[in-house]
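These notes concern the structure reproduced below.
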Amino acid sequence: MMGVEFFRQAVAFQQKYGKAGTTIANSFQTNATLIDDEMARLFSQYHFLLGCSLDGPAAVHNRFRRTRAGQPTHGRVIKGLSLLNKHKVDYNILTLVTQANVQKAKSVYRYLIERGVLFQQYIPCVEFDETGAPTPFSISGKEWGIFLSELFDEWISDSPKTISVRNFESVLAKLVDNVNSVCTMGTKCDQYFVVEYNGDVYPCDFFVENRWKLGNIMENSWQKIIESPVYLQFGSQKNQWHEQCGSCTYRSLCSGDCLKYRVDSEQDPRTLSWLCEGWKAFYDHTLVRFRHLADEIRQIRIDMAQNSRPIKLP
Numbered sequence: 043m044m045g046v047e048f049f050r051q052a053v054a055f056q057q058k059y060g061k062a063g064t065t066i067a068n069s070f071q072t073n074a075t076l077i078d079d080e081m082a083r084l085f086s087q088y089h090f091l092l093g094c095s096l097d098g099p100a101a102v103h104n105r106f107r108r109t110r111a112g113q114p115t116h117g118r119v120i121k122g123l124s125l126l127n128k129h130k131v132d133y134n135i136l137t138l139v140t141q142a143n144v145q146k147a148k149s150v151y152r153y154l155i156e157r158g159v160l161f162q163q164y165i166p167c168v169e170f171d172e173t174g175a176p177t178p179f180s181i182s183g184k185e186w187g188i189f190l191s192e193l194f195d196e197w198i199s200d201s202p203k204t205i206s207v208r209n210f211e212s213v214l215a216k217l218v219d220n221v222n223s224v225c226t227m228g229t230k231c232d233q234y235f236v237v238e239y240n241g242d243v244y245p246c247d248f249f250v251e252n253r254w255k256l257g258n259i260m261e262n263s264w265q266k267i268i269e270s271p272v273y274l275q276f277g278s279q280k281n282q283w284h285e286q287c288g289s290c291t292y293r294s295l296c297s298g299d300c301l302k303y304r305v306d307s308e309q310d311p312r313t314l315s316w317l318c319e320g321w322k323a324f325y326d327h328t329l330v331r332f333r334h335l336a337d338e339i340r341q342i343r344i345d346m347a348q349n350s351r352p353i354k355l356p
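Structure (structure tokens):
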């Protein structure tokens, strides 16, 4: 929406003020509807990485993704993606799981594969109205568990080595390297900041609220923001989970889940995640196979290390 000149200026500032030897990575999330040829060319030139929203085939995507005038957007998204392909811009697809596609895991996955999308991520849509009731397009925990399980079955029957589903790769990263590649798996919410257009800083894009404002980059140093008592308080909420989480078999894989799905109207982080039932069902269905994949990855690494050893000549 800012236009191609905005991105040109951003890159120019990076080149002007970046220290010698600094590597700068640019990435952003978009619905891809406003990407034109000139913009795609710029993204290619400076190696931008894009996350593009696509919820499935036209009938599925257009159910909730419409313009303010009520017009469907699927065709405009596909046009934007075609321009990214034309200029060889790297991108992945983020699919929002709503009532439009929550029962269509296999068909959505296959649709993306047919379009050549090998990097995918799926995000649950959970929103509440002013009364605390879930919105009509939101999904339940049970639906999320079924969706992920069906998606996993389809993915693992293909080739997990060539198709990247971030939801599953994050589990493998945890099992193989004990790395939290997504913030929801961690025990603290202190991995990044959100900086608004006016410089205001918040700890998470789900909590851009006055009570969690950390400061302003025009007025405060990064060090002061990092050490902010508000930031420390926000981060510590993650391990203040529901009492059921204490004995849960899968706690190491979710740490009580994202605060967005836990904090209730009373702002209590000890609320059980809205998606808890689904996560349990998903791990019940898949964890044995995840562990088998993790063993395979470890063995591949061992084989590669052994094969790369230098040959000692007599």
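Position one of the sequence shown corresponds to residue 43 (the numbering used here), numbered consecutively onward.
Built from N, CA and C at the ideal position, the CB exists for glycine as well.
At the level of alpha carbons, what is the spacing between residue i and residue j?
i           : j           : result
residue 327 : residue 183 : 15 Å
residue 259 : residue 250 : 15 Å
residue 275 : residue 199 : 43 Å
residue 280 : residue 172 : 24 Å
residue 139 : residue 322 : 18 Å
residue 335 : residue 190 : 17 Å
residue 51  : residue 348 : 48 Å
residue 121 : residue 76  : 9 Å
residue 269 : residue 262 : 11 Å
residue 194 : residue 325 : 11 Å
residue 110 : residue 203 : 40 Å
residue 153 : residue 62  : 44 Å
residue 175 : residue 313 : 15 Å
residue 60  : residue 66  : 8 Å
residue 185 : residue 253 : 32 Å
residue 220 : residue 344 : 17 Å
residue 53  : residue 64  : 13 Å
Using CA atoms only, rank isn't needed, just tell me which of the options is closest to residue i.
i           : options               : result
residue 97  : 142, 87, 57 and 90    : 142
residue 30  : 236, 235 and 209      : For the chain, the structure presents residues 43 to 356; residue 30 sits outside this window and is missing.
residue 197 : 151, 178, 158 and 165 : 151
residue 43  : 154, 72, 60 and 51    : 72
residue 357 : 192, 76, 127 and 349  : Given a span of 43 to 356 for the chain in the structure shown, any question on residue 357 remains unanswerable.
residue 282 : 304, 64 and 263       : 304
residue 291 : 309, 318 and 271      : 318
residue 49  : 252, 160, 113 and 68  : 68
residue 127 : 201, 104, 148 and 86  : 86
Within 10 angstroms of its Cβ, does residue i collect 16 or more other Cβ (buried), or is it exposed?
i           : result
residue 187 : buried
residue 216 : buried
residue 355 : Note that residue 355 scores 49 on pLDDT, short of 50, meaning its location in the model is unreliable; the coordinates nonetheless yield the value given after this. By the neighbour-count rule (16 or more Cβ atoms within 10 Å), residue 355 is not buried but exposed.
residue 146 : buried
residue 164 : buried
residue 346 : exposed
residue 137 : buried
residue 285 : exposed
residue 271 : exposed
residue 57  : exposed
residue 162 : buried
If the criterion is Cβ atoms closer than 8 Å, does the pair residue i and residue j meet it?
i           : j           : result
residue 74  : residue 102 : no
residue 315 : residue 229 : no
residue 168 : residue 181 : yes
residue 84  : residue 144 : no
residue 293 : residue 287 : yes
residue 212 : residue 224 : yes
residue 358 : residue 123 : With the chain represented from 43 up to 356, any question about residue 358 goes unanswered, as that position is not in the structure.
residue 158 : residue 232 : no
residue 339 : residue 218 : yes
residue 332 : residue 214 : yes
residue 82  : residue 116 : no
residue 247 : residue 236 : yes
residue 311 : residue 273 : no
residue 70  : residue 179 : no
residue 114 : residue 108 : yes
Handout entry: Cβ pair count under 8 Å reaching 3, the region 253-268 against the region 228-244
Key = yes
Handout entry: Three or more C-beta pairs below 8 Å linking the region 84-99 and the region 133-140
Key = yes
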